[in-house]
Amino acid sequence: MKRLRGLCLLGFSLGTGSAFAQVPQVEPKILTKTEVDGKVAVVEVVARFVTAIRLPEAVNSVVVGDPSEFQVEHSEPKPIC
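Residue numbers (the working numbering): 544 to 624.
(1) Return helix, strand or coil for Ser-611, following the three-state DSSP convention.
(2) Using CA coordinates, which residue listed in Val-593, Pro-599 and Asp-609 is at the minimum distance from Asp-580?
(3) I'd like the list of long-range same chain contacts for Val-569, defined as Cβ closer than 6 angstroms, with 5 residues on each side in sequence excluded.
(4) Would Val-607 and Ile-596 qualify as a contact pair, given that the criterion is a beta-carbon distance under 8 angstroms?
(5) Compute the distance between the beta-carbons of Val-586 and Thr-575, then report whether it is under 8 angstroms.
(6) In angstroms, rounded to a whole number, what distance separates the CA positions of Glu-633 and Lys-572?
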């Protein structure tokens with residue numbers, strides 16, 4: 544029984560080490576996209592990462608997310624915000 548418990552502990556210890564070794568290294572990137580006047584700019588985002596959007600002028604709203612998860616509607620007399 545002690546031998547089986549020892550083998551289980553050894554197997555768990557070895558398995559845990561290899562699980563941590565499989566985590567890929569992620570390098571942060573700073574990307575700049577210029578001159579998108581009047582055009583839709585696609586921003587690719589990833590879960591658990593921060594995406595910042597800086598614009599040179601006042602903006603009513605910015606939506607960042609999966610387009611399949613929300614719907615955008617606009618009404619002239621009624622502001623979006």
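Even for Gly, the Cβ is constructed at its ideal location relative to N, Cα and C.
Inspection of the coordinates gives the following:
(1) Taking the first residue of the sequence shown as 1, we reach residue 611 at position 68. Ser-611 falls in the helix class under three-state DSSP.
(2) Against the sequence shown, residue 580 aligns to sequence position 37. Measuring from the Cα of Asp-580, the nearest candidate turns out to be Pro-599.
(3) Position 26 of the sequence shown, counted from the start, is the residue given in the question as residue 569. Excluding positions up to five away in sequence, the list is empty.
(4) Within the sequence shown, residue 607 is the residue found at index 64, counting from 1. Within the sequence shown, residue 596 is the residue found at index 53, counting from 1. In contact: Val-607 and Ile-596 (Cβ atoms closer than 8 angstroms).
(5) By 1-based counting over the sequence shown, the position of residue 586 is 43. By 1-based counting over the sequence shown, the position of residue 575 is 32. Their beta carbons are not under 8 angstroms apart, which means Val-586 does not touch Thr-575 by this criterion.
(6) With the chain represented from 544 up to 624, any question about residue 633 goes unanswered, as that position is not in the structure.
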